[in-house]
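For reference, the structure discussed in these notes is given below.
There are 2 protein chains.
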Amino acid sequence: MDHLHALSQYGKNPRGGVSRVAYSEPDRQGREYAMQLMRDAGLDVTLDAAGNLIGSRSGSDPSLKPLLIGSHIDSVIEGGNYDGDVGSLSAIEVAQSLREHSLQLRHPLQVVIFQNEEGGTIGSHAMAAGLTDQVLNSVSSSGKTVRDGIRFLGGDPDKVRQPERQPGSIAAYLELHIEQGGVLEQEKIDIGIVEGIVGIVHSEVTIEGFANHAGTTPMAQRHDALLSAARFIEKVNQAVTSIPGRQVGTVGWVRAQPGVYNVVPGRVTLGLELRDLDRKKFMGLFDQLRADAERIGKLNGTKFSFGEPFIIDPALTNPELQRLIGETAKELRFTTKVMPSGAGHDAQEVSRIGPVGMIFIPSIGGISHAPKEFSRPEDIEHGANVLLQSVLRFDARN
Amino acid sequence: MDHLHALSQYGKNPRGGVSRVAYSEPDRQGREYAMQLMRDAGLDVTLDAAGNLIGSRSGSDPSLKPLLIGSHIDSVIEGGNYDGDVGSLSAIEVAQSLREHSLQLRHPLQVVIFQNEEGGTIGSHAMAAGLTDQVLNSVSSSGKTVRDGIRFLGGDPDKVRQPERQPGSIAAYLELHIEQGGVLEQEKIDIGIVEGIVGIVHSEVTIEGFANHAGTTPMAQRHDALLSAARFIEKVNQAVTSIPGRQVGTVGWVRAQPGVYNVVPGRVTLGLELRDLDRKKFMGLFDQLRADAERIGKLNGTKFSFGEPFIIDPALTNPELQRLIGETAKELRFTTKVMPSGAGHDAQEVSRIGPVGMIFIPSIGGISHAPKEFSRPEDIEHGANVLLQSVLRFDARN
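Here is the structure:
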């Protein structure tokens, strides 16, 4: 908790929470602090070319692949002090505990703090799949390109193939994280065992109607694009909630044109997003909503069109690691729940190269990406203990 | 038609239509052209302090109050060539016809081209009720304040009480205008007899929910302000269309915050507008929708609040003038329909100081305030003839 508090000073907002966006000065300073903690925990700290911090501890069996634990410490703009930080500092704490108890694992241990998770899991993507020029040239929240940001953190963007690891090259990756939703708190459960990170489809939906004078155009003669948008938004909610499961669907943004009191909106664009652990399910919903949209459009002579869908595939965690985390938590007398992660995480990227497991702890009020993000000290302790004991159990078994 | 074509050159848009916003250079040039037409029609042209153009023709009976006819020639940005222009040039044509037939009316005739109708019936308001400092200091579409705009047109903003006329100081005001809706064209009717100009209530509606992660927040735990907004928009349509009458209701703009794919909208603002000839009716609907909004908000734990309603009272035309226009049109063998005007007009302001009558001609496709605004030459001729014969009939009877 002291470390969490100390880290929270880097990028602290006047009105609470933190703005420690990747590649900013507070991000660099926070990483300096984390490196010091790593060294204090006896880890050998290096930086890969992509700017990921890696604290290594050797294992007793040189034939074994490394066991990775970690998370990230960059935040969204006006974010909180738990997302990423809890998992990163707990991973260092695991190394610290091993040192304090003079325990050497059989596996090499690597504590990884991935760079720029919030801007699209850039660091973990670099490790799992490399970075394209398109990603390197994209502009991050800091205002810097990813390329310049990596250089700013001390990495070498000209050598970004170097950190890339091959599938099968790691023993496992375990990540502790706050839930960022309200399920664990509401159901009074200590530990969430993540069964996978949901996939996403999103698409920009355009509705073409006809803009006309709001005073002179009788109701029956209107082609009101916003009325169609309203019916579609309601339909999204109905479609997503009318079938069993934990899928979610959101219309997060909407724009009506010309957008004044006295003109019937002639054109509306909106953002549709669907998430689920099962790609077939969210793509099925997406297709169903396209059909629904066509029907809704016909009601008042408007026309829907859907932009090229942007799709992220679901990433399932390793079933054996799920079981291992569950057994560990039960031994520590914690209640558990197997659940999906609705948010993206570095584990999602790392799952490309090896088995991953994720441990969730409750987020109070389900609030995240906001200054009011909070997890109780006791829940953080529980999570860190589950992480430590899972590492020991994994090391003993594999 | 030649005059309409010539006027359309002032502020002509490359892609069709016209941008002759009040107080712009094209507006000033268009007014110069109109003044020349007035002089050619034998009118004595003056400018009142508010910048309204007044072309006077003396009457034979000095005891009679003036009969006013006219409209405006300013346009919205990217407007059409019929809104205002048809009534203004037809009024000049009436004077021209009187001159050609050497007819002197008993009443003094004043052809008025009001300044800045599109920016809130400023010129006619100055004549009917004066201009406050607040209005004079407000910024018009041209970028100039109304005060600077009046000066730009040759008026004197320091003397804006001068153009103000007292109730009972005019014999009548007759205005020919395009319908701006699609009713006359659809029902194949030649002439609309306006029974009144609808009143308006509009209000900024705010919906407070709770912004949260769109991936981690289960559907049942959301307080989605945009979902509530969607239900409200549908409700506005239902409420307005479920009772008989010609009332209209529009949600013309909407904003969702924070407004990104992956966050459940925590706050939505939208613009509600209702119009009808009967103030009780539109205010009744407004109150009903406030109650509906409260119920809709409760469905998912969101809260509606309504900004201070902005209200424009309906302005009824004079029943005797309605009858007179109807008789005139029938004598000319035109079909007629008594109808409200859904849009605001200078006649609305002038109704404060004397009886007003309005004549509508069809707008093809009901399109207005757009380059595709169009009225057929024969309909314009019909309208101008109804205006001329109504002037003669009024003069003979009163």
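In order, the protein sequence lines correspond to chains A and B.
To convert, count from 1 in the first sequence and add 378; that's this note's numbering.
To convert, count from 1 in the second sequence and add 378; that's this note's numbering.
Backbone N, C-alpha and C fix where the C-beta goes; we use that ideal spot for every residue, glycine too.
Being a predicted model, the structure only gives us computed values, none of them experimental.
query: Looking at the structure shown, is A/S719 part of a helix, part of a strand, or coil, going by DSSP?
result: strand
message: On the CB-based measure, 16 or more other CB atoms within 10 Å of its CB, does B/S518 come out buried or exposed?
response: buried
query: Within the 9 Å Cβ cut-off, does B/N515 reach chain A?
result: no
Proximal residues to A/A592 (C-beta, below 8 Å), its chain only, five neighbours per side dropped: Y639, N640, V641, V642
query: What span of residues does the beta strand (DSSP E) with B/S449 cover, start to end?
result: 445 to 450
message: Helix, strand or coil, according to DSSP, for A/F752 in the structure here?
response: coil
- prompt: If you measure from the beta carbon of B/V641 to each beta carbon in chain A, is any gap under 9 Å?
  reply: yes
message: So, does the region 571 to 581 of chain A touch the region 685 to 693 of chain A, judging by three or more C-beta pairs under 8 Å?
response: yes
Buried or exposed (CB count within 10 angstroms, at least 16 for buried), B/N515: exposed
field: Bounding residues of the alpha helix (DSSP H) (the contiguous stretch that carries B/A707)
entry: 697 to 709
field: Proximity below 9 Å, CB of B/H747 to CB of B/T499
entry: no
- prompt: What does B/P749 touch in chain A if you count any residue whose Cβ is under 9 Å from its own?
  reply: By Cβ distance, chain A contributes nothing, its closest Cβ being about 12 Å from B/P749, past 9 Å.
task: Measure how close the beta-carbons of B/R730 and B/A506 come, nearest whole angstrom, since I'm counting them as under 8 Å.
output: 4 Å
query: Pick from A/D422, A/I737, A/D418, A/G623: whose alpha carbon is nearest that of A/I571?
result: A/I737
- prompt: Taking A/P740 as the reference, which of A/D461, A/V632, A/R633, A/V728 has the closest Cα?
  reply: A/D461
field: Contact with chain A by B/V399, beta-carbon distance below 9 Å
entry: no
task: Keeping to the same chain, check which residues put their C-beta closer than 6 Å to that of A/Q543; ignore five residues upstream and five downstream.
output: In the sequence as displayed, the identity of residue 543 of chain A is Arg instead of Gln. Correct list, in chain order: M505, I731.
message: Check whether chain A comes within 9 Å of B/I742, counting only Cβ atoms and requiring the distance to be less than that.
response: no
- prompt: Which residue from A/S606, A/D757, A/L770 puts its Cα closest to that of A/M379?
  reply: A/D757
message: Is it buried or exposed, A/H794, if we count other Cβ atoms within 10 angstroms and call 16 or more buried?
response: Chain A is shown only over 379 to 776; residue 794 of chain A falls outside these bounds and no answer can be derived.
field: Residues sharing a beta bridge with A/D439, DSSP
entry: DSSP output for A/D439 lists no bridge partner at all.
- prompt: Using Cβ-Cβ distances below 7 Å, what residues of the region 640 to 660 of chain B are close to chain A?
  reply: N640, V641, V642, P643, G649, E651, R653
- request: Use the C-beta contact count for A/A725: other C-beta atoms within 10 angstroms, 16 or more gives buried, fewer gives exposed.
  value: buried
query: What did DSSP end up calling A/E557 once you bin it into helix, strand or coil?
result: coil
Whole-angstrom distance between A/P486 and A/A412, CA atom to CA atom: 20 Å
task: Within the region 639 to 692 of chain B, note down every full beta strand (DSSP E) run reaching 3 residues or more, in order along the chain.
output: 645 to 654, 681 to 684, 688 to 690
query: Over what stretch of residues does the alpha helix (DSSP H) that includes B/G527 continue unbroken?
result: 524 to 530
- prompt: Apart from the five residues on each side of it in sequence, which residues of its chain come closer than 6 Å, Cβ to Cβ, to A/G627?
  reply: V614, V618, L652
task: With a 10 Å radius around its C-beta and 16 neighbouring C-beta atoms as the bar for buried, classify B/G675 as buried or exposed.
output: buried
task: Report yes or no: do three or more beta-carbon pairs, one from the region 519 to 527 of chain A and one from the region 399 to 409 of chain A, lie closer than 8 Å?
output: yes
field: Whole-Å CB distance - B/Q625 paired with B/D654, under 8 Å assumed
entry: 4 Å
task: Going by DSSP, name the residue or residues bridged to A/Q488.
output: A/S434, A/L446
- prompt: What number of angstroms, rounded off, separates the C-alpha of B/F712 from the C-alpha of B/G735?
  reply: 17 Å
- prompt: Going by C-alpha distance, which of A/H479, A/S466, A/H503 is nearest A/V490?
  reply: A/S466
field: Three-state class that DSSP yields for A/E410 in the structure shown
entry: helix
task: Kindly indicate which residue of B/E705, B/D665, B/E495, B/K566 has the alpha-carbon position closest to the one of B/R754.
output: B/K566
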